[in-house]
Amino acid sequence: MAPSLGERLQSVTVEIADAAREAARDPASITTIVVTKFHPASLVRELAALGVSDFGENRHQEAQPKALELADLGLTWHFVGQLQSKKARQVAEYAAVVHSVDRDALVDVLAGSPLEVFLQVNLTDDPARGGVVPEHLEALAERVVATGALRLRGIMAVAPLGREPRAAFAAVRGLSERLVRIVPEASSLSMGMSGDFREAILEGATHLRIGTAITGNRPDHG
Ligand SMILES: *Cc1c(COP(=O)(O)O)cnc(C)c1O
295 MAPSLGERLQ SVTVEIADAA REAARDPASI TTIVVTKFHP ASLVRELAAL
345 GVSDFGENRH QEAQPKALEL ADLGLTWHFV GQLQSKKARQ VAEYAAVVHS
395 VDRDALVDVL AGSPLEVFLQ VNLTDDPARG GVVPEHLEAL AERVVATGAL
445 RLRGIMAVAP LGREPRAAFA AVRGLSERLV RIVPEASSLS MGMSGDFREA
495 ILEGATHLRI GTAITGNRPD HG
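Each residue of the sequence shown is one higher than the last, beginning at 295 in the working numbering.
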């Protein structure tokens, strides 16, 4: 029989604890965000009943109705996808954390909201992947700090396809060392997905964004 949702959640939790032990880190210092994109609100409700409190979504059109429908649960919503400036203000109404801040225009739209933000760094040469180029990281961080309202948590990154994830995450850790020199409290690292969360933990990830390993395959989305 295929494992149940609770069994998948449990086994990922054990794997996270094992990786944390291997890295001599406290598992309690690692937040698991379950990415529920393409899954119905009912699945989020089941996970909430199993004790999950942090959820990730990557598209506003899908995230907004889910967050509204589940408002009674008091969940923490993380926006992890590419974000158009014109949608940003609406995202700030339900999300507590935006992981994909990657340009000045987005900072300016979000500026008045009491949000936590991560700066997404692009580790590829392809601008379509989203994320700020590493050379502009510090300037973008300074713009976030200057808003006064936004709380800068750290860096978010996705390991590029075809590259050893551990090396990619080590590069992110290097960027983080640069960032904390100008914003000491921005030391969090949002990295690690279903296929590479162990490597991310070994390189210091504090926020894992895990979808399919917990939810199972996403329903067909065309
Ligand atoms: C979908 C998604 C994830 C989760 O991916 P899985 O491989 O299903 O764990 C993490 N981060 C972002 C930005 C995503 O869009």
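From the three backbone atoms N, C-alpha and C, an ideal C-beta is built for every residue, glycine too.
Taking Glu387 as reference, the option from Leu413, Gly375 and Pro359 with the minimal CA-CA separation is Pro359. Excluding residues up to 5 positions away in sequence, Leu400, Val403 and Leu404 lie with their Cβ nearer than 7 angstroms to the Cβ of Ala382 in the same chain. If you check the CB distance, Leu431 and Leu473 come in under 8 angstroms.
DSSP lists Val411 as the bridge partner or partners of Leu446. Excluding the 5 residues flanking it on each side, Phe373 has same chain C-beta neighbours closer than 6 angstroms at Val385, Ala389 and Val392, in chain order. Counted as a single uninterrupted DSSP element, the beta strand (DSSP E) harbouring Arg503 occupies residues His501 to Ile504. Note that the C-beta distance between Ser394 and Gln378 is not below 8 angstroms. Distance from the Cα of Ala422 is smallest, within the candidate group Gly448, Pro454 and Val411, for Pro454. Residues Leu299, Thr330 and Thr509 of the same chain have their beta carbon placed closer than 8 angstroms to that of Leu337, with the five preceding and five following residues left out of the count. Under the DSSP assignment, Glu316 falls in the alpha helix (DSSP H) whose first and last residues are Leu299 to Glu316.
Inter-residue distance for Leu502 and Arg437 is about 25 angstroms (C-alpha atoms, whole angstroms). In the three-state reduction of the DSSP assignment, Leu377 falls in the coil class. Here Glu316 is exposed: its Cβ has fewer than 16 other Cβ atoms, across all protein chains shown, within 10 Å.
A check of alpha carbon separations from Gly368 across Glu351, Val346 and Ala433 identifies Val346 as the nearest. Taking C-alpha positions only, Ala343 is separated from Ser305 by approximately 17 angstroms. Looking at the backbone, the Cα of Ala499 and that of Met485 are separated by about 6 angstroms. For His393, the uninterrupted beta strand (DSSP E) segment begins and ends at Val391 to Val395.
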